Structures are given as structure tokens and as C-alpha cells.
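Enquirer: Residue numbers -21 to -1, 1 to 199, in mature numbering (1 follows the signal peptide of the UniProt record, and there is no 0), belong to the letters of the sequence shown in order.
Beta carbons are placed, not taken as given, at the ideal position from N, Cα and C, and that holds for glycine.
For clarity, every value in this text was computed on a predicted model and none was experimentally measured.
Here's a structure for you.
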Amino acid sequence: MRFFRLLVVAVVVTYSITVSAFQVDTLSKVIVKDNESLVVTGDTGREYLYTSLSRVYVDSAGNIQETLLSPDDVENWPLIVEPGEIILDRGDDVRVKINRNGQQLPEDTVLGLSFIPENVKKNEQKGSGLQMSVGYKTWLFIPGTSQLRGKVSAYRNGDKIFISNSTNKILRVVINSDKNENGFFMSLPGTKKEFDSIRGEEVIDFYLVDKSEKIKELKL
């Protein structure tokens, strides 16, 4: 069984981190309160950071897509992040506030909060084509108010297990929770996932994203 020590968003939404100048205290956060926060820490020298928010969604073909939130539409953003620009020196800790912007949405939502170094931002603005390979992205999972609809299913085929999330909810899928909590991933509505399982029977628990309710347990 392959365990995921970093967050995997649904099927395969992962983020590569290659950073030397700063750190963020978490790579994922479930937003259950109106006001949350995380901490950015300076590692080496001075660093200027910009933040951006993106929305993750699943298209009609079951593929995970991501689109930047427009500053022109900030009044409709699910969350507001403050400060939007950060100056870090070595050893500095800056608390970044994550505030709910309006009423809780009906459906579960995923946002990506990116911390972009100034030099990367400048290269992007110049049209260099440089992608954000230096930085951090924290996934923000926002539970909605709607009730669970649909079902989640799983089956084994040899040394592989296949999971299908046909619900309207983001699910926290925990593998062998009695052994450790490292084997989990988040499954977005309308997505499918497969993983290797070569050690025999696996116990798979399905929870709502904030782990407030266990909705299913399977042994495969």
C-alpha cells in the first residue's frame, strides 16, 4: 500500500515544492470557522511574497481543473486572505488570516492559496513562461451546508483498489486508520482514484471532509 504523506487532492491534484527561502506551516487546511489562519516563516534571507487564490473544480469529464480567482470579483470570493503581500526576513513568522467572505456556501469548495516569490511573479508578468516551481500552495477545503447526496463505492482488482466518489461532497478517504493516519487523501465529487495494494486486506474509511461524520467503511 502506498501511503500519501502530502495531501493529494482527489484523483491526482498534487503540488511540487522546491523552496529555500520560506516555509508554510501546513499544505492543507479545512475551513470550519469564519476566521482561520496559517503561518509563513522566513528561512534564509529577505523574501517578498505575493498571494493568489484559485478555485479547483471537476469538469463534466471527471477531470480536475483549476482557475485563478479574479481580483475584479473579490466580493464573490468564498474567502479573503490578509495580507495579500508579505515581506519576510530570516526567522520571521507572519500569520496569514483566512476569513470567510459572506455566508457559508451550499456545496463543498476547494481553493488553492499560492505564495509566490517576487522574482517568480516578475518573470510571469514578463511573459517568460516560467511556471510557479518555487513557492508553496496550501489547499483550503471549505465544507458546504448541503446534505450528502449520492454514494461512494470501491472495489479491488488484483493488487489495485479503485474508488469512485459519486457524491456531492469532498470525502476524506482514510486507509487503515487503525495503523496510522498517513494513508489518506481527499476525494472530490465526481472523481475516481486507484492505488496499489499489495499487503492484503485494506480497511477504507470514508468521512466528510472535516471528519465530522463517518459515512462508510469497506474492507477490500
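Is GLY70 closer than 7 angstroms to GLY24 when the C-beta atoms are compared?
Expert: Along the sequence shown, read from residue 1 onward, the residue named residue 24 stands at position 45. Along the sequence shown, read from residue 1 onward, the residue named residue 70 stands at position 91. Contact flag unset, no.
Enquirer: Do PRO168 and ASN144 have their CB atoms nearer than 7 angstroms?
Expert: On the sequence shown, residue 168 is found 189 positions in, with the first residue counted as 1. On the sequence shown, residue 144 is found 165 positions in, with the first residue counted as 1. Yes, Cβ-Cβ distance for PRO168 and ASN144 is below 7 angstroms.
Enquirer: Only counting the same chain, and skipping five residues up and downstream in sequence, which positions put a Cβ closer than 6 angstroms to that of TYR134?
Expert: Within the sequence shown, the letter at position 155 stands for residue 134. Only PHE141 meet the Cβ criterion.
Enquirer: For LYS195, which residues from the same chain have a beta carbon less than 7 angstroms from its beta carbon, with the 5 sequence-adjacent residues on both sides left out?
Expert: Locating residue 195 in the sequence shown gives position 216, where the first residue counts as 1. Excluding positions up to five away in sequence, the list reads VAL131 and PHE185.
Enquirer: Output needed for VAL73: all residues of its chain with C-beta closer than 6 angstroms, excluding positions within five of it in sequence on either side, in chain order.
Expert: Mapped onto the sequence shown, residue 73 falls at position 94. Excluding positions up to five away in sequence, the list reads VAL19 and ILE65.
Enquirer: Relative to the C-alpha of GLU15, which candidate in VAL75, GLU97, SER176 and PRO85 has its C-alpha closest?
Expert: In the sequence shown, counting from the first residue as 1, residue 15 sits at position 36. Of the candidates VAL75, GLU97, SER176 and PRO85, the one whose C-alpha sits nearest the C-alpha of GLU15 is VAL75.
Enquirer: Just the Cα atoms here: how many angstroms apart are VAL152 and ILE183?
Expert: As a first step, residue 152 is located in the sequence shown; it is residue number 173 there, counting from the start. As a first step, residue 183 is located in the sequence shown; it is residue number 204 there, counting from the start. Taking the straight line joining both Cα atoms gives about 7 angstroms.
Enquirer: Using CA atoms only, rank isn't needed, just tell me which of LYS171, ASN136, LEU6 and PHE1 is closest to ILE177.
Expert: Start at 1 with the first residue of the sequence shown, and residue 177 comes out as number 198. Here the closest residue by C-alpha is ASN136.
Enquirer: Count the other CB atoms, across all protein chains shown, that sit within 10 Å of the CB of GLU26; report buried if there are 16 or more and exposed otherwise.
Expert: Here the question's residue 26 lines up with position 47 in the sequence shown. Burial call: buried.
Enquirer: Using a threshold of 6 angstroms, is the CB atom of ASP52 nearer than that to any non-hydrogen atom of the ligand GTP?
Expert: In terms of ligand content, the structure shown is empty, and the ligand GTP therefore cannot be addressed.
Enquirer: Might you give, ordered along the chain, the residues of its own chain that have their beta carbon closer than 6 angstroms to the beta carbon of THR124, omitting 5 neighbours on each side?
Expert: Along the sequence shown, one-based indexing puts residue 124 at 145. Excluding positions up to five away in sequence, the list reads GLN83 and PRO85.
Enquirer: Using the C-alpha atoms, what's the distance from LEU28 back to ILE95?
Expert: For the purposes of this step, residue 95 is taken as residue 116 along the sequence shown, with counting starting at 1. For the purposes of this step, residue 28 is taken as residue 49 along the sequence shown, with counting starting at 1. Roughly 5 angstroms separates the two Cα atoms.
Enquirer: Buried or exposed: which applies to GLY106, given that a residue is buried once 16 or more other Cβ atoms fall within 10 Å of its Cβ?
Expert: Indexing the sequence shown from 1 puts residue 106 at position 127. Residue confidence for GLY106 is low, a pLDDT of 44 falling below 50, so the modelled location carries little weight; the figure read from the coordinates is stated next. Under this definition GLY106 is an exposed residue.
Enquirer: Can you name, in chain order, every residue of its own chain whose Cβ lies under 7 angstroms from the Cβ of LEU197, other than the five neighbours on each side?
Expert: Here residue 197 corresponds to residue number 218 of the sequence shown, with the count starting at 1. The answer, listed in chain order, is ALA133 and ILE183.
Enquirer: Taking the beta strand (DSSP E) that VAL9 falls in, what are its first and last residues?
Expert: Here residue 9 refers to the residue found at position 30 when the sequence shown is read from its first residue. Here the beta strand (DSSP E) through VAL9 covers 7 to 9.
Enquirer: At what residues does the beta strand (DSSP E) containing SER93 begin and finish?
Expert: In the sequence shown, residue 93 corresponds to position 114, counting from 1. Note, SER93: beta strand (DSSP E), 88 to 96.
Enquirer: Would LYS12 and LEU119 qualify as a contact pair, given that the criterion is a beta-carbon distance under 7 angstroms?
Expert: Here the question's residue 12 lines up with position 33 in the sequence shown. Here the question's residue 119 lines up with position 140 in the sequence shown. Result no, Cβ atoms of LYS12 and LEU119 do not sit closer than 7 angstroms.
Enquirer: Would you call VAL3 buried or exposed, if buried means 16 or more other Cβ atoms sit within 10 Å of its Cβ?
Expert: What you label residue 3 is simply residue 24 of the sequence shown in a count that begins at 1. By the 10 Å Cβ count, VAL3 comes out buried.
Enquirer: On the DSSP bridge assignment, give the partners of GLU45 in chain order.
Expert: What you label residue 45 is simply residue 66 of the sequence shown in a count that begins at 1. Bridge partners of GLU45: VAL35.
Enquirer: Can you look up VAL152 in the DSSP assignment and give me helix, strand or coil?
Expert: Indexing the sequence shown from 1 puts residue 152 at position 173. DSSP places VAL152 in strand when its eight states are reduced to three.
Enquirer: CA-CA distance, ILE77 and THR46?
Expert: As a position in the sequence shown, residue 77 is number 98, starting the count at 1. As a position in the sequence shown, residue 46 is number 67, starting the count at 1. Looking at the two C-alpha atoms, the distance is approximately 19 angstroms.
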